[in-house]
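Report on the structure given below.
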Amino acid sequence: MKTRVITAIVALIIFFPVLYFASTAVFPIAIGILAAVAGYELASCAGFGGIKFWYINLPSAAFCFVVTLCARIKDMFPQAVPRNAYVYTLIFIACSIYVFYIMCVSVFAFGKVKASRLMATVAMSFFAAAAFFSFVKVRDYAVYDYLLILIAAWMTDTFAIFGGKLFGKKKLCPNLSPKKTVAGMVSGIVGAVVGFAVYGLVMDLAFGSDINYLLRMALAVPASLIAQLGDLSASALKRDFGVKDYGKLFPGHGGVMDRFDSVMFLSLATLLFIFAARYFFPGLV
Numbered sequence: 032m033k034t035r036v037i038t039a040i041v042a043l044i045i046f047f048p049v050l051y052f053a054s055t056a057v058f059p060i061a062i063g064i065l066a067a068v069a070g071y072e073l074a075s076c077a078g079f080g081g082i083k084f085w086y087i088n089l090p091s092a093a094f095c096f097v098v099t100l101c102a103r104i105k106d107m108f109p110q111a112v113p114r115n116a117y118v119y120t121l122i123f124i125a126c127s128i129y130v131f132y133i134m135c136v137s138v139f140a141f142g143k144v145k146a147s148r149l150m151a152t153v154a155m156s157f158f159a160a161a162a163f164f165s166f167v168k169v170r171d172y173a174v175y176d177y178l179l180i181l182i183a184a185w186m187t188d189t190f191a192i193f194g195g196k197l198f199g200k201k202k203l204c205p206n207l208s209p210k211k212t213v214a215g216m217v218s219g220i221v222g223a224v225v226g227f228a229v230y231g232l233v234m235d236l237a238f239g240s241d242i243n244y245l246l247r248m249a250l251a252v253p254a255s256l257i258a259q260l261g262d263l264s265a266s267a268l269k270r271d272f273g274v275k276d277y278g279k280l281f282p283g284h285g286g287v288m289d290r291f292d293s294v295m296f297l298s299l300a301t302l303l304f305i306f307a308a309r310y311f312f313p314g315l316v
């Protein structure tokens with residue numbers, strides 16, 4: 032536990048400056064680096080880790096980085112990418128090149144690598160790229176409230192750990208994640224609600240925002256559930272591939288995927304919600 036706390040403090044000290052420069056190119060580049068590490072970890076999880084499989088894990092990492100960068104590329108290069116349509120064209124090109132390359136690897140490295148694991152790597156890389164792209168994009172739509180994604184994910188995780196240890200008896204899904212309990216799940220929801228309420232209060236005091244606390248606290252419930260679903264889905268992948276942790280970047284926590292799995296899942300869900308809201312309720316978001 033001590034190692035987890037120290038790592039969390041150091042990570043926050045490093046991460047806060049990135050959030051401070053969220054309106055600059057520093058933000059998508061930093062998030063892109065996280066995406067690249069996640070892409071590498073997912074390829075490693077599928078059995079393609081280390082120098083031996085550099086021709087699989089490095090392209091996967093590069094793909095995740097490029098797609099994440101596309102979330103802000105129009106602002107970074109306005110003359111080269113003048114319209115949003117160009118952005119999605121670039122993403123399509125990146126996806127096509129990556130898939131074409133992996134398909135070639137499945138042919139020319141046949142016998143050395145399993146095609147099924149290659150396809151799993153592609154699917155997981157697509158998820159990682161889409162998730163980190165979503166996080167950057169949500170920040171553009173919600174300049175301050177995008178932080179609620181981090182609050183929901185990490186408050187849920189923190190409260191779930193302590194709630195599970197104090198009150199946990201009934202297992203939530205013992206076959207998938209033996210340590211998770213129903214009490215931990217409920218405690219996680221409480222943590223998200225508290226986090227949303229406190230953040231709303233801070234925003235109210237700092238900017239005089241007209242905060243609807245009941246609405247925010249209500250939104251914290253599905254946000255927490257989605258975050259926990261993301262954590263469980265990441266655990267399912269690890270169990271299926273027989274891996275304990277995705278990486279060792281964060282001592283006591285694991286890798287980027289171990290620390291950001293909930294954030295990734297929630298980021299993707301949030302962007303989908305924003306797109307749906309903008310389509311069905313123009314002007315609301």
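Each residue of the sequence shown is one higher than the one before, counting from 32 in this note's numbering.
Here a beta-carbon is modelled for each residue, glycine too, at the ideal position from N, C-alpha and C.
Given the structure is predicted, the values throughout are model-derived calculations rather than measurements.
Worksheet item: Looking at C-alpha atoms only, which residue of Ala162, Val144, Pro253 and Ala258 is the closest neighbour of Trp85?
Response: Val144
Worksheet entry | Supposed close pair Leu100, Pro59 - CB separation, criterion 8 Å | 5 Å
Discussion item. Closest to Arg148 by C-alpha separation, out of Pro113, Asp276 and Phe272, would be which residue?
Written reply: Among Pro113, Asp276 and Phe272, the Cα nearest to that of Arg148 belongs to Phe272.
Worksheet item: Residues bridged to Cys204 by DSSP?
Response: Ser208
Discussion item. Using CA atoms only, rank isn't needed, just tell me which of Leu50, Leu43 and Ile40 is closest to Val174.
Written reply: Among Leu50, Leu43 and Ile40, the Cα nearest to that of Val174 belongs to Leu50.
Worksheet entry | Validate contact between the segment 113-133 and the segment 74-84 using beta carbons, cut 8 Å, 3 pairs | no
Practice prompt. Would you decide whether Lys168 is buried or exposed? Buried here means 16 or more other CB atoms lie within 10 Å of its CB.
Written response: The residue is buried, with at least 16 neighbouring Cβ atoms inside 10 Å.
Item to complete: Measure how close the beta-carbons of Leu178 and Tyr230 come, nearest whole angstrom, since I'm counting them as under 8 Å.
Response: 7 Å
Item to complete: Reducing DSSP to helix, strand and coil, say where Gly142 ends up.
Response: Reduced to three states, the DSSP call for Gly142 is coil.
Worksheet item: Which residue spans inside the segment 245-292 form an unbroken alpha helix (DSSP H) run of at least 4?
Response: none
Discussion item. Starting from Tyr175, trace the alpha helix (DSSP H) in both directions and tell me its first and last residue.
Written reply: First-last for Tyr175: undefined, no H or E at that position.
Discussion item. Can you tell me whether Ser54 is helix, strand or coil according to DSSP?
Written reply: coil
Practice prompt. Go to Gly222, then tell me how far its alpha helix (DSSP H) extends in each direction, as first and last residue.
Written response: Per DSSP, Gly222 belongs to the alpha helix (DSSP H) from Val213 to Phe238.
Worksheet item: What whole-angstrom Cβ distance do Val17 and Leu280 have, given they're in contact under 8 Å?
Response: The first residue shown for the chain is 32 and the last is 316, placing residue 17 beyond what the model contains.
Worksheet item: Which whole-angstrom value describes the C-beta separation of Ala161 and Phe94, a residue pair presumed to lie in contact below a C-beta threshold of 8 Å?
Response: The Cβ separation is near 11 Å, so there is no contact.
Worksheet item: Is the Cβ-Cβ distance between Ser293 and Ala258 less than 8 Å?
Response: Here Ser293 is near Ala258, since their CB atoms are less than 8 Å apart.
Worksheet item: Where Ser137 and Ala146 are concerned, what is the direct C-alpha to C-alpha distance, given to the nearest angstrom?
Response: Ser137 and Ala146 have their C-alpha atoms spaced approximately 6 Å apart.
Practice prompt. Please work out which residues of its chain come closer than 6 Å, Cβ to Cβ, to Ala300, disregarding the five sequence neighbours upstream and downstream, and give them in chain order.
Written response: Ile257
Discussion item. Taking a contact to mean a Cβ-Cβ separation below 8 Å, would you say Ser218 touches Phe190 in this structure?
Written reply: yes
Discussion item. Within 10 Å of its beta-carbon, does Ser91 have 16 or more other beta-carbons around it, so buried, or fewer, so exposed?
Written reply: Result: buried.
Worksheet item: Whose C-beta lies closer than 7 Å to the C-beta of Glu72 among residues of the same chain, with five residues either side of it excluded?
Response: Cβ contact annotation for Glu72 (same chain, cutoff 7 Å, sequence separation greater than five): Tyr277, Gly278, Gly286, Val287 and Met288, in chain order.
Discussion item. So the candidates are Phe139, Ile133, Ala140 and Thr55; which of them puts its Cα closest to the Cα of Ala154?
Written reply: Considering only alpha carbons, the answer is Ile133.
Worksheet item: Quick one: what's got a C-beta closer than 7 Å to Ile240's C-beta in the same chain, skipping five residues either side?
Response: The identity of residue 240 in the sequence shown is Ser, whereas the question assumes Ile. Closer than 7 Å at Cβ, skipping near neighbours: Met234.
Worksheet item: Going by the CB atoms, is the gap between Lys196 and Val213 shorter than 8 Å?
Response: no
Discussion item. I need the straight-line Cα distance from Trp185 to Thr34, nearest angstrom please.
Written reply: When rounded, the distance between both Cα atoms is 17 Å.
Worksheet entry | Short Cβ contact (8 Å threshold) for Thr152 with Ile82 | no
Worksheet item: Less than 8 Å separating the beta-carbons of Tyr22 and Ile44?
Response: In this structure the chain extends from 32 to 316, so residue 22 is not present and cannot be described.
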